[in-house]
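A quick write-up on the structure given underneath.
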Amino acid sequence: MKYPLGHDSRGRPHVELLEVPCHEDPRGLLAPLNFDALPFAPRRVFVVSGVPAGTVRGRHAHRSQTQALLCPAGSIEVELKAACRASSVLLDRPGLVLVIHPGVWSAQTFIAADTVEMVLASGSFDPSDYLREQ
Numbered sequence: 001m002k003y004p005l006g007h008d009s010r011g012r013p014h015v016e017l018l019e020v021p022c023h024e025d026p027r028g029l030l031a032p033l034n035f036d037a038l039p040f041a042p043r044r045v046f047v048v049s050g051v052p053a054g055t056v057r058g059r060h061a062h063r064s065q066t067q068a069l070l071c072p073a074g075s076i077e078v079e080l081k082a083a084c085r086a087s088s089v090l091l092d093r094p095g096l097v098l099v100i101h102p103g104v105w106s107a108q109t110f111i112a113a114d115t116v117e118m119v120l121a122s123g124s125f126d127p128s129d130y131l132r133e134q
């Protein structure tokens with residue numbers, strides 16, 4: 001597990017980069033994600049696809065929700081900012097899971113037109129949970 005932005009004042013990581021085992025054979029690639037491997041219980045899942053290459057999505061933080069970002073196809077560069085620190089993570093294979101905790105601003109740049117992003121969230125959609133300014 002890697003912590004690209006360090007930890008908050010209580011010692012909790014701002015973001016976590018998890019690697020899940022992938023199984024590949026001549027039939028293809030299987031990348032299972034057991035929810036108990038996540039530091040939160042997912043309550044919602046959504047998929048973003050059909051995004052033109054070079055498009056930036058996200059550009060927000062959440063007040064209370066935690067999210068896990070996966071890129072099952074293509075690649076996404078995720079820009080992250082928290083506590084006067086900045087970093088970026090490249091999600092370019094199905095086995096990488098980026099967990100973003102509350103208060104961390106992020107933006108996702110879709111590198112290729114065939115990129116697919118899957119997001120697992122800790123709560124239902126709530127517009128008041130979004131922080132748009134960085």
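The opening residue of the sequence shown carries number 1 in the numbering used here; numbering runs sequentially from there.
No residue lacks a Cβ here, since even glycine has one placed at the ideal position from N, Cα and C.
Quick caveat: nothing in here was measured; it's all calculated off a predicted structure.
Mind checking who residue 122 pairs with in its DSSP beta bridge?
Paired residues: none, contrary to the question.
Considering only C-alpha positions, which residue in the set 56, 108, 32 and 62 is nearest to residue 122?
62
Within 9 Å (strictly less), CB to CB, does residue 89 reach chain C?
Absent here is chain C; the protein component of the structure consists of one chain.
Taking the Cβ atom as the reference point for each residue, do residue 68 and residue 98 lie within a distance shorter than 9 Å?
yes
Buried/exposed call for residue 109, threshold 16 Cβ in 10 Å:
buried
Consult DSSP for residue 107 and reduce its assignment to one of helix, strand or coil.
strand
Can you tell me the Cα-Cα spacing of residue 26 and residue 40, whole angstroms?
34 Å
Rounding to the nearest angstrom, what Cα-Cα distance links residue 37 and residue 100 in this structure?
14 Å
With DSSP as the reference, label residue 36 as helix, strand or coil.
helix
Taking C-beta to C-beta, are residue 51 and residue 113 nearer than 9 Å?
yes
Cβ pair residue 45, residue 118 closer than 9 Å
yes
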